[in-house]
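Chains as they are written, first to last, in the UniProt record's numbering: chain Y, 1 to 197; chain F, 1 to 197.
Every residue, glycine too, gets a C-beta built ideally from N, C-alpha and C.
The structure displayed is predicted, hence computed values, not measured ones.
Down below is the structure, laid out as structure tokens.
Have a look at this one:
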């Protein structure tokens, strides 16, 4: 029956299935630990098929990291609406919630970016740049957030602050509640932007 | 003459010389790129001698990272004195100055910690913990900086903020001056601590 199910998948469905499985294996491990053996075993496919879709082991790993980055961007998009404060706050909260909810995968992404090869670092850097650009380009936001090099530096640094604070908290909350954590990292942005005004 | 100079070095001087050279080679590269070949060439010593002092290539690399971490701790020690605000500010400024001045080596340290093995990550984490502990244990500082889990989380996150902001600025200052950068990262600590009060 597995074989029947397998043959029924269209190529794009199969690729999708492999990526989803890769993301799951990636969460909580480093990029180099994404095991092609475990992947072939769990997906019931041959190594050849993985090479067919992704070119190489490295190609597969990069596709998984790219998918993790795409997920982050998609899930933290500002909602539709006219109120720039509400949009900014919603996007900010979505980002914080995303990092807290996906902390294992997020840690893997951050580690992959720091320790990985140029291609992986590029994926992470582009995702981070896209999030920051999007923040500054939200219509109406210019009154709240002046688009200057100093402000951009601070917003980027705030992302590093969020990453570190959330991942440290996930390892060892020390009595700080999830609500307190969310408030700290959300309030940190206006606090930091305030110092460059 | 080189040979004569070489033979005159005492073992601890030789070890010191190799570490200093290793630090220089480390600055601007990743830990895996510290080339033992270049080291033997520049120091005019044999590979055997390096293994003699450090056990293995990995042992040497770890000793270099440990030395980088020790330097950071030593150069950012709070000065003698009775005024806790002055001591805290001096230590804070020293840290910011250190990261700006040694940004290449510091980037290597951060990358090594993120991508490196457990031993290297441990060295970096202990250095960061030591700096944070020292901040909270400065006599008289408790009125300025309550020692709570939330405050510790924020101070640790601030270190990540400083690292990211300074290293991004070093790559591309975009017209932000060194003075502005120093003010941003220094002012960021009270701004962040303020939100958990």
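Checklist entry - Which residues in the same chain as residue 79 of chain F place their Cβ atom closer than 7 angstroms to its Cβ, once the five residues preceding and following it in sequence are excluded? => result 87 and 90
Checklist entry - Which runs of the alpha helix (DSSP H) fall wholly inside the stretch 73 to 138 of chain F and span at least 4 residues, in chain order? => result 84 to 101, 103 to 115 and 118 to 137
Item to check | Simplified DSSP assignment, three categories, for residue 166 of chain F | outcome: helix
Checklist entry - Going along the stretch 131 to 159 of chain F in order, which residues come within less than 9 angstroms of chain Y, judged by CB to CB distance? => result 148, 149, 150, 152, 153, 154, 156, 157, 158 and 159
Next on the checklist: Judging by CA-CA distance, which residue of F:181, F:53, F:121 and F:92 is the nearest neighbour of residue 132 of chain F?
Outcome noted: F:92
Next on the checklist: Suppose you measure from the CA of residue 152 of chain F to the CA of residue 42 of chain F; what does that come to, to the nearest Å?
Outcome noted: So the two alpha carbons sit approximately 43 angstroms from each other.
Item to check | Minimum C-alpha distance to residue 197 of chain F - residue among F:178, F:154 and F:44 | outcome: F:154
Checklist entry - Can you tell which of Y:190, Y:136, Y:113 and Y:56 has the C-alpha that lies nearest to the C-alpha of residue 163 of chain Y? => result Y:113
Next on the checklist: Output needed for residue 71 of chain F: all residues of its chain with C-beta closer than 6 angstroms, excluding positions within five of it in sequence on either side, in chain order.
Outcome noted: none
Item to check | Cβ contact check for the stretch 184 to 197 of chain Y and the stretch 155 to 174 of chain Y: 3 or more pairs under 8 angstroms | outcome: yes
Next on the checklist: With H, G and I counted as helix, E and B as strand and the rest as coil, what does DSSP make of residue 191 of chain Y?
Outcome noted: Three-state result, residue 191 of chain Y: helix.
Checklist entry - Which residue from F:120, F:156 and F:122 puts its Cα closest to that of residue 136 of chain F? => result F:156
Next on the checklist: Can you confirm whether residue 188 of chain F, when its beta carbon is compared against all beta carbons of chain Y, has any partner nearer than 8 angstroms?
Outcome noted: At least one chain Y Cβ lies under 8 angstroms of residue 188 of chain F.
Checklist entry - Does the separation of the CB atoms of residue 22 of chain Y and residue 104 of chain Y fall below 8 angstroms? => result Going by C-beta atoms, residue 22 of chain Y is not nearer than 8 angstroms to residue 104 of chain Y.
Next on the checklist: Our contact map puts residue 57 of chain F next to residue 36 of chain F with C-beta atoms below 8 angstroms; I'd like the distance itself, whole angstroms only.
Outcome noted: 5 angstroms
Checklist entry - Is residue 176 of chain Y helix, strand or coil by DSSP? => result coil
Checklist entry - What whole-angstrom Cβ distance do residue 50 of chain Y and residue 39 of chain Y have, given they're in contact under 8 angstroms? => result 7 angstroms
Checklist entry - Between residue 68 of chain F and residue 109 of chain F, which are expected to be in contact by the criterion C-beta below 8 angstroms, what is the C-beta distance as a whole number of angstroms? => result Between residue 68 of chain F and residue 109 of chain F a beta carbon distance of about 5 angstroms is seen, short of the 8 angstroms cut, so the two are scored as contacting.
Item to check | residue 127 of chain F versus residue 45 of chain F: straight-line alpha-carbon distance, rounded | outcome: 30 angstroms
Checklist entry - Since residue 195 of chain Y and residue 191 of chain F are thought to touch, with beta carbons under 8 angstroms apart, how far apart are those beta carbons, to the nearest angstrom? => result 5 angstroms
Checklist entry - Ordered along the chain, which non-local residues of its own chain (more than five positions away) have a Cβ less than 7 angstroms from that of residue 34 of chain F? => result 22, 25, 26, 61 and 64
Item to check | Helix, strand or coil at residue 146 of chain Y [DSSP, three-state] | outcome: coil
Next on the checklist: Please state the DSSP three-state secondary structure of residue 10 of chain F.
Outcome noted: coil
Checklist entry - Is the Cβ of residue 165 of chain Y closer than 8 angstroms to any Cβ of chain F? => result So, interface residue.
Checklist entry - Using the rule of at least 16 other Cβ atoms within 10 Å of the residue's Cβ for burial, across every protein chain shown, is residue 177 of chain F buried or exposed? => result exposed
Checklist entry - Quick one: what's got a C-beta closer than 7 angstroms to residue 73 of chain F's C-beta in the same chain, skipping five residues either side? => result Scanning its chain for C-beta atoms nearer than 7 angstroms, with the 5 sequence neighbours on each side dropped, one finds around residue 73 of chain F the residues 127, 130 and 131, in chain order.
Checklist entry - Does residue 17 of chain F come within less than 8 angstroms of chain Y when only Cβ atoms are used? => result no
Item to check | Cross-chain neighbours of residue 180 of chain F in chain A, by beta carbon under 7 angstroms | outcome: Here the protein chains are Y and F, and chain A is not one of them.
Item to check | Any C-beta of chain F under 8 angstroms from that of residue 191 of chain Y | outcome: yes
Next on the checklist: So, with DSSP's three-state summary, where would you put residue 30 of chain F?
Outcome noted: coil
Checklist entry - Does residue 64 of chain Y come within less than 8 angstroms of chain F when only Cβ atoms are used? => result no
Next on the checklist: Would residue 75 of chain F and residue 98 of chain F qualify as a contact pair, given that the criterion is a beta-carbon distance under 8 angstroms?
Outcome noted: yes
Checklist entry - What did DSSP end up calling residue 154 of chain F once you bin it into helix, strand or coil? => result helix
Checklist entry - What number of angstroms, rounded off, separates the C-alpha of residue 82 of chain F from the C-alpha of residue 141 of chain Y? => result 45 angstroms
Item to check | CB contact below 8 angstroms: residue 168 of chain F versus chain Y | outcome: yes
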